[in-house]
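Colleague:
Numbering (UniProt numbering), first residue to last: 1 to 104.
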């Protein structure tokens, strides 16, 4: 099947966390920042909570790319509150969108 999108297929990986601006994969490998990154999509599965630290880590990872604009969460349970003081200033000034999709 051909991909009708002008963008290449998404990079699908199992993330174990974010550390020092890099994404750590469950395989033990480290994914350095990607300069062409536009969007990060997380599909954690129903009922799995994503921590505030991991959300901020994903933002810090994404903002290393000038093209980064969206952080998507599919079927994720997010914290009720994220402290505004820990949100990276670059994410605020570039108006990075955080989008929660629950399938409903």
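Where a beta carbon is used, it is the ideal one built from N, C-alpha and C, also for glycine.
Find the nearest neighbour of residue 80 within the set 49, 28 and 21, judged by alpha-carbon distance.
Modeller: The residue you call residue 80 lines up with position 80 of the chain shown. Among 49, 28 and 21, the Cα nearest to that of residue 80 belongs to 49.
Colleague: Rounded to a whole number of angstroms, what is the C-alpha to C-alpha distance between residue 74 and residue 98?
Modeller: If you number the chain shown from 1, residue 74 lands on position 74. If you number the chain shown from 1, residue 98 lands on position 98. Going by the C-alpha atoms only, they are around 11 Å apart.
Colleague: Between 87, 95, 82 and 85, which lies nearest to residue 70 when the distance is taken from Cα to Cα?
Modeller: Indexing the chain shown from 1 puts residue 70 at position 70. Out of 87, 95, 82 and 85, 95 has the C-alpha closest to the C-alpha of residue 70.
Colleague: Between the alpha carbons of residue 15 and residue 25, how many angstroms are there, rounded?
Modeller: Sequence index remark: in the chain shown, residue 15 carries index 15 (1-based). Sequence index remark: in the chain shown, residue 25 carries index 25 (1-based). Their Cα atoms are separated by approximately 4 Å.
Colleague: Are residue 61 and residue 87 close, meaning C-beta to C-beta below 7 Å?
Modeller: For the purposes of this step, residue 61 is taken as the residue at position 61 of the chain shown. For the purposes of this step, residue 87 is taken as the residue at position 87 of the chain shown. No, the pair does not count as a contact, with Cβ atoms beyond the cut-off.
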